[in-house]
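Counting in this note's numbering, the sequence shown runs from 17 upward without gaps.
Every residue, glycine too, gets a C-beta built ideally from N, C-alpha and C.
Beneath this line is the structure, given in structure tokens, with notes to follow.
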Amino acid sequence: MSHTRERRSERRYSELEELEHRYYKELRDEVVRIHGAGKYLRCPYCQDHTRREYDVRELERHASRIARESKSASFKDKARHLGLLKYLDWYGHGKGKGKSKSSLSNKREIASESGELATMKGGIAPEMDELCIEPGEIITKSADIGMVGEDSVKSHGRIFKQDLQSPSHAAMRQSTQKGDDEPIVWPWMAIVANLPVEKKNGKYAGESGRKLREELVSQGHNPIKVHPLWDFQGHSGFAIAEFNKDWEGFKDAMAFEKAFEMDHHGKRDWYAKGHKGDKLYGWLARGEEYWGRGLIGKHLQKNGDLKTVSDIQNEDRRKDKSLMCNLTNELESKKKKCEEIKKSISKTEIFMGNIMVQKEEMIQSYNEEMKKMQDNASKKLRQISEEHKRSKSELEAQREALKLREKDLRQRQALNESEKKKLDNQKKMNEMAILQQKMADQQMLNLVEEQKRQKQLLHKKIIDLEAKLDQKQALELQIQRMKGAIEVMKYITDEGDKEDEKKLESVEEELRDKLEELDGLESLNQALIIKERRTNDELQEARKQL
Numbered sequence: 017m018s019h020t021r022e023r024r025s026e027r028r029y030s031e032l033e034e035l036e037h038r039y040y041k042e043l044r045d046e047v048v049r050i051h052g053a054g055k056y057l058r059c060p061y062c063q064d065h066t067r068r069e070y071d072v073r074e075l076e077r078h079a080s081r082i083a084r085e086s087k088s089a090s091f092k093d094k095a096r097h098l099g100l101l102k103y104l105d106w107y108g109h110g111k112g113k114g115k116s117k118s119s120l121s122n123k124r125e126i127a128s129e130s131g132e133l134a135t136m137k138g139g140i141a142p143e144m145d146e147l148c149i150e151p152g153e154i155i156t157k158s159a160d161i162g163m164v165g166e167d168s169v170k171s172h173g174r175i176f177k178q179d180l181q182s183p184s185h186a187a188m189r190q191s192t193q194k195g196d197d198e199p200i201v202w203p204w205m206a207i208v209a210n211l212p213v214e215k216k217n218g219k220y221a222g223e224s225g226r227k228l229r230e231e232l233v234s235q236g237h238n239p240i241k242v243h244p245l246w247d248f249q250g251h252s253g254f255a256i257a258e259f260n261k262d263w264e265g266f267k268d269a270m271a272f273e274k275a276f277e278m279d280h281h282g283k284r285d286w287y288a289k290g291h292k293g294d295k296l297y298g299w300l301a302r303g304e305e306y307w308g309r310g311l312i313g314k315h316l317q318k319n320g321d322l323k324t325v326s327d328i329q330n331e332d333r334r335k336d337k338s339l340m341c342n343l344t345n346e347l348e349s350k351k352k353k354c355e356e357i358k359k360s361i362s363k364t365e366i367f368m369g370n371i372m373v374q375k376e377e378m379i380q381s382y383n384e385e386m387k388k389m390q391d392n393a394s395k396k397l398r399q400i401s402e403e404h405k406r407s408k409s410e411l412e413a414q415r416e417a418l419k420l421r422e423k424d425l426r427q428r429q430a431l432n433e434s435e436k437k438k439l440d441n442q443k444k445m446n447e448m449a450i451l452q453q454k455m456a457d458q459q460m461l462n463l464v465e466e467q468k469r470q471k472q473l474l475h476k477k478i479i480d481l482e483a484k485l486d487q488k489q490a491l492e493l494q495i496q497r498m499k500g501a502i503e504v505m506k507y508i509t510d511e512g513d514k515e516d517e518k519k520l521e522s523v524e525e526e527l528r529d530k531l532e533e534l535d536g537l538e539s540l541n542q543a544l545i546i547k548e549r550r551t552n553d554e555l556q557e558a559r560k561q562l
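Rendered as structure tokens:
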């Protein structure tokens with residue numbers, strides 16, 4: 017049942033109680049009178065033309081039928097008949113001995129919109145008082161199966177000898193009020209009697225426990241198990257219905273007993289009637305049944321204990337108190353561990369802050385050093401270019417001088433052949449020098465281009481190194497946080513919690529992957545630095561050669 021449905025049921029239940037109490041007071045204060053003649057009475061709320069007359073018991077059944085079973089009656093009509101039923105219970109049958117369980121059951125069924133019993137919130141003890149306290153007669157002797165007595169009971173073809181009271185002992189029944197101190201079999205169990213059996217092959221056979229449970233559930237009861245009782249002759253015609261061990265099970269068991277009592281098929285009716293009929297009988301197992309010497313007593317002694325409701329309540333309170341103490345201690349321990357982990361995380365954050373400051377300082381120092389290297393390289397390149405221009409101008413001047421000299425030598429060719437050869441040799445040497453100068457010029461240009469390319473590659477490597485350094489620092493920060501998270505999970509993870517252990521293993525596996533990735537970045541960074549140094553060395557060597 018959803019929360020909205022529960023709240024709606026609670027409101028209807030509260031309204032029903034108020035209306036019931038109001039109509040009950042009207043009957044009690046004689047604002048509304050019950051008319052009749054002799055022992056026959058008329059319902060004050062049914063204004064039909066027939067005006068049927070009932071005796072007290074029939075009037076009770078009429079009020080219960082209108083309040084509980086009628087589909088056409090309005091909400092107020094059901095409340096009026098509940099008030100009438102309460103008035104008859106309290107004033108017609110005992111004047112204040114106890115509140116009728118049928119009234120409570122009727123109110124709960126009317127308040128529930130789905131027709132099911134609506135579980136009301138609140139304390140356990142008040143609800144149990146409403147369910148338990150009822151005037152009634154309790155038979156002082158057990159009626160266990162298998163004991164030879166004076167009377168016998170027939171259950172659909174099988175006769176069972178039972179230790180029943182004789183008519184002379186019926187007057188010795190005591191009328192007592194059921195309270196919290198009455199011992200009840202726990203876990204809650206009920207006796208189901210008059211089960212149909214038939215004789216087959218010399219043995220009595222009956223329905224299985226599963227079918228019996230389905231039958232009881234179809235009647236609105238809520239047992240969790242039904243155990244038919246068997247003896248050497250077969251099915252005994254009796255069964256034990258078990259209910260949940262909690263207080264909901266207790267309410268189900270009490271409602272089970274009350275339903276059979278309302279149908280006049282309870283414990284008193286079982287022992288009072290000579291002819292049992294075909295319907296089932298049922299009642300809650302108490303001390304009489306528990307200490308019996310037959311099949312019922314043996315089953316109850318084997319599978320249950322005899323306790324009072326107050327004992328069970330006290331035991332639940334002790335368990336709740338112990339659980340609360342344990343949870344409080346565990347909570348304090350967890351809080352202390354969390355405080356320690358928070359302190360550790362705070363220290364880690366401070367450490368990471370210092371690391372980030374150091375990182376910024378390293379980056380700034382690196383940038384300044386790279387700027388100095390670039391300035392020095394540019395300065396040296398300018399010097400080489402100036403030297404090249406100066407050498408070129410000198411060579412051009414020498415070339416012009418050689419041309420003039422060649423002209424002069426041609427004029428003097430006739431004068432001296434040997435001089436001519438000398439001039440030819442000088443010319444060839446000059447041409448070779450010019451060619452070498454051109455080659456040097458080309459090498460210089462290539463060196464300049466190579467220097468530019470190396471400078472671009474170096475600048476790109478610097479950017480890559482900065483990115484790798486940032487990635488490395490971010491990865492180290494992530495690793496530190498994951499280590500802190502692992503420590504937190506180790507402290508707060510409960511032992512045996514497989515889901516938390518799997519999460520912890522997943523985080524640890526991810527941490528190992530991050531560490532491997534960090535090692536890879538370290539190796540890559542070292543390789544790039546070594547490569548950069550080699551490039552710088554080669555560049556310096558080339559400059560020296562030039």
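- In the structure shown, the three-state DSSP call for Arg421 is helix.
- In this structure, Gly253 is the residue among Glu231, Asn238, Gly253, Gly225 with its C-alpha nearest to the C-alpha of Lys219.
- The closest CA to that of Arg77, considering only Asp93, Leu100, Ala95, Ser88, is found on Leu100.
- The region 337-349 makes no contact with the region 492-502; the number of CB pairs closer than 8 Å stays below 3.
- With contacts defined by Cβ atoms closer than 7 Å, Ala255 and Leu211 form a contacting pair.
- Rounded to the nearest angstrom, the gap between the Cα atoms of Trp202 and Lys530 is 59 Å.
- Across the structure, Gly303 and Glu223 are spaced so that their CA atoms are roughly 27 Å apart.
- Ranking Glu74, Glu526, Met386, Glu503 by CA distance to the CA of Asp279 puts Glu74 first.
- Annotated three-state conformation of Asp247 is strand, per DSSP.
- The three-state secondary structure of Ile400, taken from DSSP, is helix.
- Contact between Glu273 and Gly282 holds: CB atoms are separated by about 7 Å, below the 8 Å threshold.
- The residue among Leu474, Arg23, Leu425, Leu537 with its C-alpha nearest the C-alpha of Lys488 is Leu537.
- Straight-line measurement puts the Cα of His51 at about 41 Å from the Cα of Ile207.
- Looking at Ser409, Lys419, Ile328, the one whose alpha-carbon comes closest to that of Asp440 is Lys419.
- Exposure of Asp262 is indicated by the presence of fewer than 16 other C-beta atoms within 10 angstroms of its C-beta.
- Annotation for Glu304: the continuous alpha helix (DSSP H) segment containing it runs 303-306.
- Between Glu36 and Ala79, the C-beta spacing is not below 7 Å.
- Residue pairing of Arg426 in beta bridges, as defined by DSSP: absent, with no partner found.
- With a cut-off of 8 Å on Cβ pairs, the region 458-474 is in contact with the region 391-399, counting three or more such pairs.
- Shown here, Arg309 sits in coil according to DSSP, grouped into three states, outside any helix or strand.
- In the displayed model, Ala221 falls within a strand according to three-state DSSP.
- In the three-state DSSP reduction, Trp202 falls in the strand class (E or B).
- In the three-state reduction of the DSSP assignment, Ser539 falls in the helix class.
- Glu258 carries a strand assignment under DSSP once its states are collapsed to helix, strand and coil.
- Under the three-state reduction of DSSP, Arg49 is assigned to coil, being neither helix nor strand.
- DSSP, reduced to helix, strand and coil, places Tyr61 outside both helices and strands of the structure shown, so it counts as coil.
- Ala209 sits close to Trp286, with the two beta carbons spaced by under 7 Å.
- The Cβ atoms of Leu311 and Leu245 sit closer than 7 Å to each other.
- Contact annotation, Lys241 with Glu214: C-beta distance approximately 24 Å; criterion of less than 8 Å not satisfied.
- Beyond the five residues adjoining it in sequence on each side, Gln249 comes within less than 6 Å, by CB distance, of Tyr220 in the same chain, given in chain order.
- Distances from the alpha-carbon of Ile502 to those of Lys519, Lys514, Ala490 put Lys519 closest.
- Around Met505, the same chain offers Asp516, Lys519, Leu520, Val523 as residues with beta carbons nearer than 8 Å, after the five sequence neighbours per side are excluded.
- Arg58 places its beta carbon less than 7 Å from that of Glu69.
- The continuous beta strand (DSSP E) containing Glu214 extends over residues 213-216.
- DSSP lists Ala255, Gly298 as the bridge partner or partners of Val208.
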